[in-house]
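Those protein sequences? They're chains A and Y, same order as listed.
This note's numbering numbers the first residue of the first sequence as 1 and each following residue consecutively.
This note's numbering numbers the first residue of the second sequence as 339 and each following residue consecutively.
Ideal placement from N, C-alpha and C gives every residue a C-beta, glycine not left out.
Number of protein chains: 2
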Amino acid sequence: MQKSIKIIDTTLRDGSHAVSHSFTPEQVKAIAGGLDAAGVDLIEITHGDGLAGSSINYGFSEHPELELIRAASEVVKNAKLTVLLLPGIGTIEDLEMARDAGATAVRIATHCTEADIAIQHIRYAKEHGMFTVGFLMMVHMTSPEELAKQALVFEEAGADYINLADSAGHLLPNEVRARVKAVREAVKIPVGFHAHNNLGVAVANSLAAAEEGAQYLDATLRGLGAGAGNAQSEVLAAVLNRAGFETKADFNTLMDVAAEFVDPVMKRPQVIFNDAITIGYAGVYSSFLLHARNAAETYGVNAREILVELGKRRMVGGQEDMIIDVAHEIALQQGQTN
Amino acid sequence: MQKSIKIIDTTLRDGSHAVSHSFTPEQVKAIAGGLDAAGVDLIEITHGDGLAGSSINYGFSEHPELELIRAASEVVKNAKLTVLLLPGIGTIEDLEMARDAGATAVRIATHCTEADIAIQHIRYAKEHGMFTVGFLMMVHMTSPEELAKQALVFEEAGADYINLADSAGHLLPNEVRARVKAVREAVKIPVGFHAHNNLGVAVANSLAAAEEGAQYLDATLRGLGAGAGNAQSEVLAAVLNRAGFETKADFNTLMDVAAEFVDPVMKRPQVIFNDAITIGYAGVYSSFLLHARNAAETYGVNAREILVELGKRRMVGGQEDMIIDVAHEIALQQGQTN
C-alpha cells in the first residue's frame with residue numbers, strides 16, 4: 001500500500017460548473033493561494049469542460065480563462081498549476097497559451113476507450129516540459145482490462161501518471177478497486193482517481209483507490225461541482241490522515257480556506273438531489289437528463305426509466321438521438337403508444 | 339453475504355435534530371405515510387434524543403411526541419413503528435405510553451460499554467410484545483471484542499437484533515467491518531448499523547456493514563440529522579440495489595417522498611461543514627464543541643486541538659470538566675499560560 005498521497009484540488013476547474021464558470025481573478029487568487037498554503041500538490045484551473053470550454057455548448061466563462069490562469073500563477077508558489085484539456089474542445093494552441101499564462105502541468109482527458117486521440121497532445125506537453133497526465137473519463141463504461149490497455153497508450157505517449165475519472169458518479173468502492181488494480185498492474189507510472197458523489201460514496205471511493213495503491217486523488221473544497229459534486233477536499237484529507245496515509249495537504253487549513261473563500265461564492269448547497277442520484281445510478285452523462293425529460297413528456301413515460309435504459313446500453317455523448325428511440329420503445333412496451 | 343437488507347428510516351427521530359424537533363403531526367403523517375408506501379421496514383419516531391428527550395437539556399419538541407407517534411400510527415400500515423429509548427432520559431413509563439400511542443417496536447440505546455443498564459427495558463418491551471432492539475452508541479470508543487461482549491448482554495436479555503451506532507461519524511469502512519464481524523460472530527440474532535456522515539462515508543460505511551453481513555441499516559431522507567447528518571435513505575437504497583442487495587424499500591419512491599415532504603421542512607442544507615469534520619475526526623460528542631470553544635478562548639488555544647485530545651482520551655458525556663483541564667494542559671505545553 002502506498003502511504004503517501006498527492007491531492008489535486010480541482011475547485012477552480014470541476015468546481016466551476018457549480019458557480020456557472022463565474023470565478024473572478026480575485027476569487028481565483030484567494031482560493032489558489034489558500035490551496036497552495038494548505039499544501040495541495042496540484043491546483044487545477046480551467047473552464048469546467050477544460051481549456052476553451054467557454055462556449056454556447058458548455059456555458060461561457062465570465063472571465064477569460066487565461067486571465068484566471070495568470071491570476072493563479074501569481075500566487076501559487078509550491079503546487080503545480082495544472083489545466084485540463086479535452087482534445088476536440090481545446091487544442092494544442094490553447095495549451096500553448098495556457099503554458100505562457102503560467103500553467104506548469106496539463107491533464108489531457110478522453111473518453112475511457114479513446115486514449116489514442118490524446119497521444120499528440122501528451123507528446124507536445126512533455127516536449128515543452130510540462131507535468132503531463134493521461135485522464136480517462138467515464139471509466140465505469142468499460143472493463144478494468146480495457147482501461148489497462150488504454151492506460152498503456154498514455155504511458156507510451158509519455159504521461160507522468162494515469163487518472164481514472166468516475167465522471168457519472170456510478171461506481172461503488174469495490175468497482176473502483178478493480179479498476180485501479182488493473183491499471184496499476186499494467187503501467188509503471190502512478191495511478192490517480194477522480195470521484196463524483198452522485199451515490200454518496202465519493203470520499204469512500206477515493207479512500208478505496210488509495211488503499212489499492214492510487215497515489216493521486218482529485219477533490220474540491222466543499223465538494224464543489226456539477227450535480228452532486230466531487231470528493232470534498234478537506235474531508236478527504238481528514239479521512240486519509242485518519243486512515244494512516246500521508247498528505248502534504250493539511251485538512252485544518254483546507255477547512256479554513258473552504259470557509260473563508262468558497263462558502264461565500266457558492267450558489268447552491270452541495271447536496272445530493274434526485275437528478276444526481278438518477279444520473280449516478282444509471283451511469284449516464286448529466287447532459288442526457290434534459291433530453292430524457294423532454295422525451296419522457298412526448299411519449300408519456302418516466303424519464304428515470306429512459307436514463308436507466310440508456311445506461312444499460314452504454315450510450316455516450318453524440319448519441320442523443322437514441323434517447324427518443326429508447327423513450328418510444330418503453331412506451332410501446334407499456335402499451336402507451338398514444 | 340446476506341443479500342436482503344431491511345431499512346430503518348429515522349428521519350422523524352434522528353432527523354428531528356436538524357429541524358430543532360419541530361415536526362408537526364401533519365408533517366409526520368406525510369413523511370411516515372410516504373416511507374410506508376416506499377417499503378421501508380421500520381420507521382422511527384421520537385424526539386432526537388429518544389422518548390422524553392424534550393427538555394431544556396436536549397431542546398424542547400414543538401409538539402408532544404405522543405401526539406406525533408399517534409399521527410404516524412394512523413398512516414403506517416406495513417412498517418413497524420419504532421421509538422428510541424435511552425435509559426436515563428426516558429423511562430419504562432414513557433415506553434408504555436408510546437406503546438399505547440401505537441409504537442410496535444423500540445430501540446433501547448446505551449453507551450457502547452453499558453448494555454447492562456438496558457436489560458430491564460428490553461425485558462419489559464419483549465414481555466409486552468414489542469419488536470425490541472439493543473442499540474450501542476459511540477461504537478468507535480471500544481474494541482470489536484468488547485462490542486461483541488456487550489451485544490451478548492442484549493441478546494441474553496431478549497433483543498431481536500443488535501444495532502451498532504457510529505454516533506460521532508468517526509469510523510472508516512474497514513473499522514465498521516471489524517465491528518460488524520465481531521458482533522455477528524458473537525450473537526445469533528441479526529446485526530444492524532447506524533452511520534453518521536461527518537467524514538463523508540456514511541453511505542459507504544453502511545454498504546460495508548451490509549457486505550459484512552449486517553441485515554438492518556439506518557438512514558434518513560436527505561441525510562437529515564445533526565451536524566453532517568446520517569446516511570441518506572434514498573441514496574443508500576439506490577446503492578444497495580446497485581450492489582446487488584434486495585430491499586423492500588424502493589429508492590425512486592424514497593426520492594419522491596424526500597422531494598415532496600422533506601425538502602420543504604429543511605432549515606439548512608445537509609452538508610459537511612467544518613465543525614462536523616472536526617467532531618468526526620476527533621470522535622467526540624457534538625455537545626463538546628461549544629465547551630471546547632469556550633475553553634479555547636479562555637486559554638488562548640485552538641478548539642480543534644482540544645477536541646482531538648479529548649477524543650484520544652476517550653472522554654464521554656458527563657466528563658465536560660475535563661475540557662478545561664485539557665485546554666489548560668495544551669496552553670502550558672505551548673507556553674501560553676496567560
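**Prompt:** How about residue 493 of chain Y and residue 464 of chain Y: do their beta carbons lie closer than 8 Å?
**Reply:** Their beta carbons are not under 8 Å apart, which means residue 493 of chain Y does not touch residue 464 of chain Y by this criterion.
Open item on the list: Measuring straight from C-alpha to C-alpha, what distance separates residue 159 of chain A and residue 133 of chain A?
Closed with: 5 Å
Separation of residue 549 of chain Y from residue 413 of chain Y, as counted between CA atoms = The alpha-carbon atoms of residue 413 of chain Y and residue 549 of chain Y are separated by roughly 33 Å.
Return helix, strand or coil for residue 128 of chain A, following the three-state DSSP convention. coil
**Item:** Best match in Y/443, Y/395, Y/629 and Y/606 for proximity to residue 641 of chain Y [C-alpha to C-alpha]
**Value:** Y/629
- Task: Tell me, please, whether the CB atom of residue 684 of chain Y is closer than 8 Å to any CB atom in chain A?
- Result: Here chain Y comprises residues numbered 339 to 676, so residue 684 of chain Y is not present and cannot be evaluated.
* To do: Count the C-beta pairs between the segment 240-250 of chain A and the segment 15-30 of chain A that are closer than 8 Å, then say yes if the count reaches three, no if not.
  => no
- Query: Which word fits residue 254 of chain A, buried or exposed, when buried means at least 16 other C-beta atoms lie within 10 angstroms of its C-beta?
  - Reply: buried
Next item on the list: Measuring only between beta-carbons, confirm whether residue 270 of chain A sits less than 8 Å from chain Y.
Entry: yes
*Contact between the segment 57-77 of chain A and the segment 20-38 of chain A (3+ Cβ pairs under 8 Å)*: Because the criterion of three Cβ pairs below 8 Å is met, the segment 57-77 of chain A and the segment 20-38 of chain A touch.
Listing by chain order, which chain Y residues have their CB less than 7 Å from the CB of residue 259 of chain A? Correct list: 612.
Which one or two residues does DSSP pair with residue 557 of chain Y in a beta bridge?
Partner(s): Y/347.
Review point. Thinking just about the alpha-carbon of each residue, which of Y/508, Y/478, Y/502 and Y/627 is nearest to the one in residue 551 of chain Y?
Key: Minimum Cα distance to residue 551 of chain Y is reached at Y/502.
Worksheet item: Near residue 485 of chain Y, what residues of its chain come up, given a Cβ to Cβ distance below 8 Å and the 5 sequence neighbours on each side ignored?
Response: In the same chain as residue 485 of chain Y, and ignoring 5 residues on each side of it, the C-beta atoms closer than 8 Å to its own belong to 450, 474, 477, 502, 517, 520 and 521, in chain order.
Taking Cβ to Cβ, would you say residue 510 of chain Y is nearer than 8 Å to residue 207 of chain A? yes
Nearest-angstrom Cα separation, counted from residue 294 of chain A out to residue 310 of chain A
15 Å
*What's the gap between the Cα of residue 282 of chain A and the Cα of residue 145 of chain A?*
22 Å
message = Can you confirm whether residue 577 of chain Y, when its beta carbon is compared against all beta carbons of chain A, has any partner nearer than 8 Å?
response = Closer than 8 Å to some Cβ of chain A, the Cβ of residue 577 of chain Y qualifies, so yes.
| request: Would you mind working out which of Y/638, Y/650 and Y/646 sits nearest residue 669 of chain Y, comparing C-alpha positions? | output: Distances from the CA of residue 669 of chain Y to each of Y/638, Y/650 and Y/646 were compared; the closest alpha carbon is that of Y/638.
### Anticipated Cβ contact below 8 Å, residue 601 of chain Y with residue 377 of chain Y, distance rounded
Rounded, the Cβ-Cβ distance is 21 Å, inconsistent with contact.
request  = Pull up the distance between the alpha-carbon of residue 547 of chain Y and that of residue 531 of chain Y, whole angstroms please.
outcome  = Approximately 7 Å, taken between the alpha carbons.
Contact list for the segment 479-500 of chain Y against chain A, Cβ threshold 9 Å: none
For this session: Determine, using beta carbons only, whether residue 581 of chain Y comes closer than 8 Å to chain A.
Result: yes
Along chain Y, in chain order, which residues have C-beta atoms closer than 8 Å to that of residue 341 of chain A?
Residue 341 of chain A lies beyond the range of chain A shown here (1 to 338); nothing can be said about it.
Is there a Cβ of chain A sitting closer than 8 Å to that of residue 590 of chain Y, yes or no? Output row for residue 590 of chain Y: interface = yes.
Can the beta-carbon of residue 176 of chain A be found less than 8 Å from the beta-carbon of residue 205 of chain A? With respect to residue 205 of chain A, residue 176 of chain A sits close: the two C-beta atoms are nearer than 8 Å.
- Message: Whole angstroms are fine: how far does the CA of residue 286 of chain A sit from the CA of residue 14 of chain A?
- Response: 14 Å
Listed from N- to C-terminal order along the chain, which residues in the segment 64-80 of chain A have their beta-carbon within a distance smaller than 7 Å of any beta-carbon of chain C? Included in the structure are the protein chains A and Y, with no chain C among them.
Could you tell me the alpha carbon to alpha carbon distance between residue 186 of chain A and residue 298 of chain A, rounded to whole angstroms?
47 Å
*asked:* Looking at the secondary structure, which residues open and close the alpha helix (DSSP H) in which residue 92 of chain A lies?
replied: 92-100
**Below-8 Å beta-carbon distance, residue 354 of chain Y vs any chain A residue** = For residue 354 of chain Y, not one C-beta of chain A is nearer than 8 Å to its own C-beta.
Checklist entry - Taking Cβ positions only, does residue 204 of chain A come closer than 8 Å to chain Y? => result yes
Exercise. When the Cα of residue 49 of chain A is compared with those of A/108, A/81 and A/128, which residue comes out closest?
Worked result: Proximity to residue 49 of chain A across A/108, A/81 and A/128 peaks at A/108, based on C-alpha coordinates.
Name the chain Y residues that come within less than 7 Å of residue 235 of chain A, Cβ to Cβ?
537, 538, 610 and 615
Buried or exposed (CB count within 10 angstroms, at least 16 for buried), residue 659 of chain Y: exposed
(Q) Distance cutoff 8 Å, beta carbons only. Does residue 172 of chain A sit that close to anything in chain Y? (A) yes
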